[in-house]
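Chemist:
There are 2 protein chains.
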Amino acid sequence: MNKLREGGIDTAAATAAAPQSLAAGRALPQAGTGTLGKAISVLDIVASAEEPMRFTDILAISDQPRGTLHRQLSNLVEEGLLSINRDHSYSLGLRLLKFAAKAWAGNQFRTIAEPHLKTLHEHTGETVHLGVLRGTEVIYLDKVESRQAVRMYSQIGNASPVFCTGVGKAALSVLPDDTLHKVVASINFRRFTDHTLVTPEQLMADIEAIRASGNSYDREEHELGIRCVAAPLYSKDLSFVAGVSVTGPAYRVSMEMLESWAEMVRKTALEIMDDMRTRLGPRT
Amino acid sequence: MNKLREGGIDTAAATAAAPQSLAAGRALPQAGTGTLGKAISVLDIVASAEEPMRFTDILAISDQPRGTLHRQLSNLVEEGLLSINRDHSYSLGLRLLKFAAKAWAGNQFRTIAEPHLKTLHEHTGETVHLGVLRGTEVIYLDKVESRQAVRMYSQIGNASPVFCTGVGKAALSVLPDDTLHKVVASINFRRFTDHTLVTPEQLMADIEAIRASGNSYDREEHELGIRCVAAPLYSKDLSFVAGVSVTGPAYRVSMEMLESWAEMVRKTALEIMDDMRTRLGPRT
DNA sequence: ATATCGAGTTCCACTATTTGGAACACAATT
DNA sequence: AATTGTGTTCCAAATAGTGGAACTCGATAT
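Chains as they are written, first to last, in this note's numbering: chain F, 10 to 293; chain S, 10 to 293.
1) Please determine, among F:Phe198, F:Lys178, F:Lys111, the residue with the shortest C-alpha to C-alpha distance to S:Ile54.
2) Using 8 angstroms as the threshold, is the C-beta distance between F:Ile219 and F:Lys191 below it?
3) Could you please give the first and the last residue of the uninterrupted alpha helix (DSSP H) stretch that includes S:Ser269?
4) Can you find a CB in chain F that lies within less than 8 angstroms of the CB of S:Ile165?
5) What residue range is occupied by the uninterrupted beta strand (DSSP E) comprising S:Thr256?
6) For the region 137-148 of chain F, enumerate the residues whose C-beta is nearer than 7 angstroms to any C-beta of chain S, in chain order.
7) Using a C-beta to C-beta distance shorter than 8 angstroms, which residues of chain S count as neighbours of F:Ile281?
8) If you count every other CB in all the chains shown that lies within 10 Å of the CB of F:Met282, and 16 or more means buried, which is it?
9) Under the three-state reduction of DSSP, which class applies to F:Gly43: helix, strand or coil?
10) Ignoring anything shorter than 4 residues, give me the alpha helix (DSSP H) runs that lie fully in the region 163-200 of chain S, in order along the chain.
11) Ordered along the chain, which non-local residues of its own chain (more than five positions away) have a Cβ less than 8 angstroms from that of F:Ala194?
12) Skipping 5 residues on each side, what residues in its chain have a beta carbon closer than 8 angstroms to that of S:Gly234?
13) Got a sec? Which residues, its chain only, sit under 7 angstroms from S:Val262 by beta carbon, not counting five neighbours each side?
14) Checking 8 angstroms against the spacing of the C-beta atoms, do F:Gly115 and F:Arg104 come in under that value?
15) At least one CB of chain S closer than 8 angstroms to the CB of F:Thr120: is that the case?
16) Classify F:Glu146 as helix, strand or coil using the three-state DSSP reduction.
17) Is S:Arg261 helix, strand or coil when you go by DSSP?
18) Using the Cα positions of S:His97 and F:Gly43, report the straight-line distance between them to the nearest angstrom.
19) Return the CA-CA distance between S:Ala278 and S:Gly102, expressed in angstroms with no decimal places.
20) Can you give me the C-alpha to C-alpha distance between F:Leu267 and S:Asp72, rounded to a whole angstrom?
21) Could you check whether F:Leu78 and F:Ile67 sit closer than 8 angstroms to each other, using their CB atoms as the reference points?
22) Return no unless some Cβ of chain F is closer than 8 angstroms to the Cβ of S:Asn197.
23) Here's the rule I'm using: 16 or more other beta-carbon atoms within 10 Å means buried, otherwise exposed. How should S:Thr188 be labelled?
24) Since S:Phe118 and S:Phe249 should fall inside the 8 angstroms C-beta cutoff, what is the C-beta to C-beta distance between them, to a whole number of angstroms?
25) Starting from F:Arg95 and walking both ways along the alpha helix (DSSP H), at which residues does that stretch end?
26) Residues bridged to S:Thr136 by DSSP?
27) The alpha helix (DSSP H) spanning S:Ala240 covers which residue range?
28) How many Å lie between S:Val207 and S:Ala221 at the Cα?
29) Does the Cβ-Cβ distance between S:Asn224 and S:Ala239 come in under 8 angstroms?
30) Check the Cβ of S:Gly115 against every Cβ in chain F and list those closer than 8 angstroms, keeping chain order.
31) From S:Asp284, S:Gly252, S:Glu280, S:Glu59, pick the residue whose C-alpha is nearest to that of S:Glu146; which is it?
32) Please check if any C-beta of chain S sits within less than 8 angstroms of the C-beta of F:Gly252.
33) Any beta-carbon of chain F closer than 8 angstroms to the one on S:Asn84?
See the structure below:
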């Protein structure tokens with residue numbers, strides 16, 4: 010099997026099937042590619058826990074035998090991907106920070122999108138997000154807001170569920186049906202607010218509407234008092250699928266206002282895509 | 010060998026000997042622990058390149074055979090740790106962002122230090138940094154400054170050389186001699202400015218001064234026009250060694266001002282250590 | 001003191017995965 | 001059409017990972 014050539018729709022499908030740790034829910038340990046996959050799967054277990062986990066806790070979730078798990082943890086620690094606390098609990102290692110800083114700074118997509126996000130922010134005055142689809146999660150790549158009081162890491166890199174975020178639903182809307190069905194089938198629906206869409210049917214209906222209009226909305230589905238409009242963004246071959254959104258507090262931003270921004274958000278998405286095509290080669 | 014029990018000085022030693030990618034300089038590929046180590050080593054090669062590298066470029070640096078390297082890259086891509094661009098070049102994957110966001114948010118040390126950093130910033134009005142020692146690099150964990158205009162990721166997670174940063178030299182000063190010599194021996198000295206210390210002798214002399222006073226200074230050694238005072242910070246068993254610093258532009262911050270802040274910086278470091286001892290158990 | 005229990009660690013014969021040389025595709029160049 | 005450079009695939013041999021069971025250590029109970 011050719012693994013590197015998983016371009017196009019296959020990538021999206023593979024991504025959807027990739028090991029996932031539901032942002033809110035139980036982590037489903039799922040072995041990945043060989044030895045590395047198993048190690049990363051252990052890392053993921055530690056990452057998706059709220060509190061640092063101890064050996065036995067991890068043992069219970071990963072279905073690895075004691076000896077094996079112990080060695081995997083040792084290796085992870087030795088590589089700096091995990092660190093072990095005095096009380097034998099594990100936390101993610103600092104080496105990850107270094108990698109992530111490079112990953113972020115070097116991300117071509119983000120670099121290209123950045124000025125467009127700023128423009129969109131200037132026109133709307135509200136917070137602008139850029140997030141990419143990864144399995145059943147959206148990973149936020151960038152954020153532009155006026156008051157930079159909130160710390161960057163509190164948002165960037167964060168993973169949120171696809172089914173209840175504007176960016177997530179926008180991204181889903183551009184997937185071809187077969188891929189979409191696979192992704193939707195693997196979503197772990199969870200109610201966050203009274204407005205959360207909690208069944209595949211509700212989500213699919215919304216996605217149809219998004220496909221028709223080109224915009225998705227988060228109607229306080231993830232967090233009470235928070236609304237957004239978003240538009241999808243993708244490479245021609247769907248090797249990546251993302252979304253831009255304008256988010257604001259419900260008391261200040263009415264649905265009508267969001268609707269009035271919808272076209273601008275779509276336009277921003279198109280402009281970013283144009284820029285990518287011209288700067289990363291015409292076949293993008 | 011017991012890998013998990015590498016507490017105390019051994020950890021520092023192990024860290025010093027760990028695979029490293031010099032922040033500025035050539036990456037020295039160095040195989041790590043088994044299969045995982047090799048994979049991470051490949052990741053590191055990609056991470057320490059300025060531009061995305063293509064297969065052959067990586068092949069030249071990693072001394073792995075073609076077939077092997079190809080599979081390693083495939084696995085890394087499949088795990089989302091690496092992503093492959095259209096032109097067959099590799100960049101770091103977005104999954105790393107998710108891991109790092111958790112690593113940062115969950116870092117106990119950082120959480121405890123944060124309020125102290127803020128206080129220090131309020132007293133001095135200049136930028137405060139918190140960085141930890143990792144091999145011959147310092148990884149910045151946090152940053153407090155007035156104008157949050159600069160984006161977070163541009164600094165946090167960044168790795169800088171130990172030998173020409175205040176935080177780095179402060180951290181080195183608390184290592185026991187044998188460990189210190191090992192670390193210094195593996196430093197790749199490189200001149201950044203006219204003031205950079207470029208020989209082990211110069212560095213060791215400075216470290217003696219730091220040991221005597223309890224403060225290190227960066228006298229425009231890393232970047233022209235930038236100065237700082239720092240103080241070391243460490244756990245009793247040296248399982249981690251770090252530093253706090255106050256940094257400012259030379260035109261505004263004279264050496265005299267830095268000296269007047271020196272005691273306050275030391276005090277901040279002590280307070281953070283106290284806090285850690287009380288909150289993470291007395292043996293810390 | 002001594003026994004008991006739980007948590008973490010180590011050991012080593014067995015086995016599955018990784019290895020790496022060489023052959024194979026594919027594209028761009030000559 | 002031939003050549004060169006790059007990336008990809010294959011498979012027997014070698015290596016590294018596996019996992020059950022035994023062991024150590026510390027805390028709690030007797």
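All C-beta atoms in this analysis are idealised placements derived from N, C-alpha and C, irrespective of residue type, glycine included.
Modeler: According to the structure data:
1) In the second sequence, residue 54 of chain S corresponds to position 45, counting from 1. Per the Cα distances, F:Lys111.
2) The count along the first sequence starts at 1 and reaches residue 219 of chain F at position 210. The count along the first sequence starts at 1 and reaches residue 191 of chain F at position 182. Contact flag unset, no.
3) Here the question's residue 269 of chain S lines up with position 260 in the second sequence. Where S:Ser269 is concerned, the enclosing alpha helix (DSSP H) stretches over 264-288.
4) Sequence index remark: in the second sequence, residue 165 of chain S carries index 156 (1-based). Yes, contact with chain F.
5) Position 247 of the second sequence, counting from 1, holds the residue named residue 256 of chain S. Per DSSP, S:Thr256 belongs to the beta strand (DSSP E) from 250-258.
6) Val141, Arg143, Ile148
7) Numbered from its first residue, the first sequence carries residue 281 of chain F at position 272. Within chain S, no residue comes near F:Ile281; the closest Cβ sits about 17 angstroms away, beyond 8 angstroms.
8) Here the question's residue 282 of chain F lines up with position 273 in the first sequence. Flag for F:Met282 reads buried.
9) Taking the first residue of the first sequence as 1, we reach residue 43 of chain F at position 34. Three-state result, F:Gly43: helix.
10) 175-182, 186-194
11) Along the first sequence, read from residue 1 onward, the residue named residue 194 of chain F stands at position 185. Answer for F:Ala194: Pro209, listed in chain order.
12) Here the question's residue 234 of chain S lines up with position 225 in the second sequence. Only Pro258, Ala259, Tyr260 meet the Cβ criterion.
13) The residue given as residue 262 of chain S occupies position 253 in the second sequence. So the qualifying residues of the chain are Glu135, Arg236.
14) For the purposes of this step, residue 115 of chain F is identified with residue 106 of the first sequence, where counting begins at 1. For the purposes of this step, residue 104 of chain F is identified with residue 95 of the first sequence, where counting begins at 1. Cβ atoms of F:Gly115 and F:Arg104: not closer than 8 angstroms.
15) Position 111 of the first sequence holds residue 120 of chain F. No, F:Thr120 lies away from the interface with chain S (no Cβ there is under 8 angstroms from its Cβ).
16) Mapped onto the first sequence, residue 146 of chain F falls at position 137. Strand.
17) Numbered from 1 along the second sequence, position 252 holds the residue referred to as residue 261 of chain S. Residue state, collapsed to three classes: coil.
18) Mapped onto the second sequence, residue 97 of chain S falls at position 88. Mapped onto the first sequence, residue 43 of chain F falls at position 34. Cα to Cα, S:His97 sits roughly 23 angstroms from F:Gly43.
19) On the second sequence, residue 278 of chain S is found 269 positions in, with the first residue counted as 1. On the second sequence, residue 102 of chain S is found 93 positions in, with the first residue counted as 1. Near 35 angstroms, if we compare the C-alpha coordinates of S:Gly102 and S:Ala278.
20) The residue you call residue 267 of chain F lines up with position 258 of the first sequence. The residue you call residue 72 of chain S lines up with position 63 of the second sequence. Their backbone Cα atoms lie some 54 angstroms apart in a straight line.
21) Reading the first sequence from its first residue, position 58 is the one you call residue 67 of chain F. Reading the first sequence from its first residue, position 69 is the one you call residue 78 of chain F. Going by C-beta atoms, F:Ile67 is nearer than 8 angstroms to F:Leu78.
22) For the purposes of this step, residue 197 of chain S is taken as the residue at position 188 of the second sequence. Taking Cβ atoms only, chain F never reaches closer than 8 angstroms to S:Asn197, which makes this a no.
23) Sequence index remark: in the second sequence, residue 188 of chain S carries index 179 (1-based). Buried, by the Cβ-count rule.
24) Locating residue 118 of chain S in the second sequence gives position 109, where the first residue counts as 1. Locating residue 249 of chain S in the second sequence gives position 240, where the first residue counts as 1. Sure, about 7 angstroms apart at Cβ, within 8 angstroms.
25) Translated into positions along the first sequence, residue 95 of chain F becomes position 86. Note, F:Arg95: premise wrong, no alpha helix (DSSP H); not H, not E.
26) The residue labelled residue 136 of chain S in the question sits at position 127 within the second sequence. For S:Thr136, which the question treats as bridged, DSSP gives the partners S:Thr256.
27) The residue labelled residue 240 of chain S in the question sits at position 231 within the second sequence. Careful: S:Ala240 lies outside any alpha helix (DSSP H), inside the beta strand (DSSP E) at 235-243.
28) Along the second sequence, read from residue 1 onward, the residue named residue 207 of chain S stands at position 198. Along the second sequence, read from residue 1 onward, the residue named residue 221 of chain S stands at position 212. Looking at the two C-alpha atoms, the distance is approximately 22 angstroms.
29) Indexing the second sequence from 1 puts residue 224 of chain S at position 215. Indexing the second sequence from 1 puts residue 239 of chain S at position 230. Yes, they are a contact pair.
30) By one-based count along the second sequence, residue 115 of chain S stands at place 106. The contacting residues are Pro61, Ser100, Leu101.
31) As a working mapping, residue 146 of chain S is identified with position 137 in the second sequence. For the residues S:Asp284, S:Gly252, S:Glu280, S:Glu59, the minimum Cα distance to S:Glu146 belongs to S:Gly252.
32) Within the first sequence, the letter at position 243 stands for residue 252 of chain F. F:Gly252 does not count as touching chain S.
33) Position 75 of the second sequence, counted from the first residue, corresponds to residue 84 of chain S. Output row for S:Asn84: interface = yes.
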